[in-house]
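Numbering (full-length UniProt numbering), first residue to last: 1 to 291. All residues carry an ideal CB built from backbone N, CA and C; glycine is no exception. Report on one structure; see the data block that follows.
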């Protein structure tokens, strides 16, 4: 999260809060409100929002115990569903990679295989379909598969997705899906999706590079959600500003691709350099005494 915020140009740190349990069977109002009370003990040093297994209604329960919540519904003064801008950012990152790989960022006629079809993936898919791309998806949730079918997306089995011929493979579920075994099965030119921590190891990023597969670093292109909530912190939410900043992911991804090529390093390492450089620069600024 630190690198994600830094690469996106945000003045936020990094942190993740995890409630261990099955959201389908163990989530309750009391559990969420307990989480809210814990967050409140941090006095604003940590802000919470939605992620895997939670939704806007859950935030309303959390908000009953703490004001340190972002991403509440716009009717409650928040910035709303974070997955909308996350999906846009992933789409912008995909387009930047396409432009680098094929000389044109048009996705018309390209095949994108989406491993996972949750909220972020469905928003990304909408942009892809609007551009006349072909989308193939899988998910372990029948509801998610139903959503995909209703959008005109072709559905395949959870394991079949790795062997599906495609131009772009989009990991959009949980982490570690790009590993030494799955890489052998990929037939794509680009790996770019909304999941966090897609690479099982650093070596997997190097292996993608060796095979001529362009990898869009996850923390770079899935930053739309944190960008969206950042525009409500300390100010009224501005959706136009959020969209404008999210669309800059295209430029940031292009810069990472250029750095990767010039320094002969993986795109994963190039994205880390982008974040580390900004962190170091800002630390130097903070050292200036203002009196």
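Burial state of residue i (16 or more Cβ within 10 Å)
i	result
residue 28	exposed
residue 289	exposed
Residue nearest to residue i in terms of C-alpha spacing, selected from the options
i	options	result
residue 106	118, 168 and 147	168
residue 237	76, 57, 54 and 157	76
residue 110	67, 117, 132 and 93	132
residue 241	249, 235, 231 and 250	231
residue 23	58, 219 and 47	58
residue 177	195, 26 and 163	195
residue 165	41, 245 and 112	112
C-alpha gap between residue i and residue j, whole angstroms
i	j	result
residue 253	residue 97	7 Å
residue 209	residue 225	27 Å
residue 198	residue 158	16 Å
residue 79	residue 257	31 Å
residue 123	residue 89	10 Å
residue 235	residue 70	12 Å
residue 4	residue 66	25 Å
residue 1	residue 179	21 Å
residue 37	residue 233	20 Å
residue 144	residue 46	31 Å
residue 134	residue 278	37 Å
residue 149	residue 280	46 Å
residue 186	residue 263	26 Å
residue 120	residue 248	18 Å
residue 182	residue 222	21 Å
Proximity test, Cβ basis, 8 Å: residue i and chain B
i	result
residue 193	Included in the structure is just one protein chain, with no chain B present.
Beta strand (DSSP E) segment containing residue i, residue limits
i	result
residue 171	168 to 171
residue 136	134 to 138
Residue i: CB within 7 Å of a non-hydrogen atom of the ligand ZN
i	result
residue 134	Although the ligand ZN was asked about, the structure shown includes no ligands whatsoever.
Delimiting residues of the alpha helix (DSSP H) encompassing residue i
i	result
residue 84	82 to 102
residue 211	No alpha helix (DSSP H) holds residue 211; DSSP gives it neither H nor E.
residue 33	29 to 41
residue 278	267 to 286
query: Are the segment 261 to 269 and the segment 212 to 222 touching by the rule of at least three beta carbon pairs closer than 8 Å?
result: yes
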